[in-house]
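Numbering (our numbering), first residue to last: 1 to 74.
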């Protein structure tokens, strides 16, 4: 009969989150807010809101990544 071993605890040097989640948050933030900025540019007849939307989306994506990874490490 095989002896059952207790589950091993992960070591401290193992990553605490999935890097694809971080990539997904940043890309989806850029895409969503960039699209919103593009739509507002078309509606208002301006040319700068798409750039602002991309920057805001990247900022929100980085913030969401930080919040998720900070929560996972606690």
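Just so you know, even glycine gets a beta-carbon here, dropped at the ideal spot from N, CA and C.
Q) Within 8 Å (strictly less), CB to CB, does residue 2 reach chain D? A) This model lacks chain D altogether, as it is built from one protein chain only.
**Q.** residue 63 burial status per 10 Å Cβ neighbour count (16 or more: buried)
**A.** exposed
Q.
Does residue 44 pass the burial test, meaning 16 or more other C-beta atoms within 10 Å, or should it be called exposed?
A. exposed
Q | Alpha-carbon to alpha-carbon, residue 23 and residue 54 | A | 15 Å
Q | Status (buried if at least 16 other CB within 10 Å, exposed otherwise) for residue 66 | A | exposed
Q: Alpha carbon to alpha carbon, how far is residue 8 from residue 31? Give it in angstroms, no decimals.
A: 40 Å
Q: Please classify residue 18: does DSSP put it in a helix, a strand, or coil?
A: coil
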